[in-house]
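Below is one structure, written out as structure tokens; the observations come after it.
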Amino acid sequence: MKNYKLIRLGLYFGFLFFVATACLKDEKIDYTPEREQGLLSEYLARLVSKGYNIDTTAAGVYYVPIQAGQGAMPKAGDTLSVIYYGYLITGEVFDASVWHSQDSLYTFVYKGVEMIEGWDDMMQFMNKGRRLECIIPSDLAYGADGVPGVIPPYSTIVFSMKMKDIKPASTQ
């Protein structure tokens, strides 16, 4: 009998805890360009304080070179094979090439498929074997809309990537 009382008491308090926490409202984050700029500035400052060199493309994509590649840079029509992890500037992973293919590669025709502007811009600097981290502000990614349930509005996104292979269009 004593065990049943303990179980009922546990269920009762569990129910009260559930009701109490369900009534609490989640903190609403106001996603704005100003918030994004603040987070981006903090992120870049952290990288610099850790000794990383940050370069910027003409379009405004920031990138941190990690490993040099070799050979020619890709041209429109070349088939590129990339390993990547995509995450929000706050650290949450939202995509990875390993989630989509057995060989972990994302393979596509450069300038032959629609990409976010920042990704497309970064590919021109990726020869075979090159590894880098690219930081893409929202105006070169998903902008004010984001990707519902995945990438909030006005979110800078980061890709850690490595170019595994470039097959020139002329040899395909």
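Numbering-wise (our numbering), the sequence shown opens with residue 4 and increments by one.
C-beta atoms are modelled at their ideal positions from N, C-alpha and C, and glycine is treated no differently.
Grouping DSSP H, G and I as helix and E and B as strand, with all else coil, what is residue i?
i, result
"Y157", "coil"
"A99", "strand"
"L83", "strand"
"D33", "coil"
"S163", "strand"
"L108", "coil"
"D178", "Residue 178 is absent from the structure shown; the chain starts at 4 and stops at 175."
Compare the C-alpha of residue i against each of the options and name the closest.
i, options, result
"P140", "I169, G63, E37", "G63"
"V150", "L42, I138, V51, I119", "I119"
"E95", "S104, G152, K31", "G152"
"G132", "L50, G89, Q70, A61", "Q70"
"G89", "L47, V112, R49, L135", "L135"
Cutting at 8 Å between CB atoms, please list the residues of its own chain near residue i, excluding the five before and the five after it.
i, result
"Y55", "V67"
"I86", "S100, V101, S107, L108, Y109, M164, K165, K167"
"N130", "G72, Q73, G74, A75, M76, P77, M166, I169"
"K28", "Here K28 scores only 47 on pLDDT, less than 50, and its place in the model should not be relied on; the value that follows carries that caveat. Once the five neighbours on either side are set aside, K28 has no close Cβ partner at all."
"G91", "Correcting the residue identity first, residue 91 is Leu in this sequence and not Gly. So the list reads F97, I154, P155, S158, T159, I160, V161, once near-sequence residues are dropped."
"D148", "P156"
Need the endpoints of the alpha helix (DSSP H) that residue i sits in, please.
i, result
"L43", "36-52"
"E120", "120-126"
The beta strand (DSSP E) that contains residue i, what's its start and end?
i, result
"Q70", "65-70"
"R133", "R133 -> no beta strand (DSSP E), and no H or E assigned at all."
Just checking: is the beta-carbon of residue i within a distance shorter than 7 Å of some beta-carbon in chain B?
i, result
"A75", "Given the protein chain composition of this structure (a single chain), no chain B is represented."
Note down, in chain order, each residue of its chain lying with its Cβ closer than 7 Å to the Cβ of residue i, except the 5 sequence neighbours on either side.
i, result
"T35", "Y157"
"T59", "Y65"
"L50", "I57, V67"
Below 6 Å CB to CB, which residues in the same chain sit around residue i once its five sequence neighbours on both sides are set aside?
i, result
"A172", "G80, D81"
"G121", "V64, I139, L143, A144"
"K114", "A79"
"C137", "V64, Y66, M125, F162"
Return the Cβ separation of residue i and residue j in integer angstroms, given the expectation that the two are a contact with Cβ distance under 8 Å.
i, j, result
"L83", "M125", "Going by Cβ atoms, the distance from L83 to M125 rounds to 11 Å, so no, they are not a contact pair."
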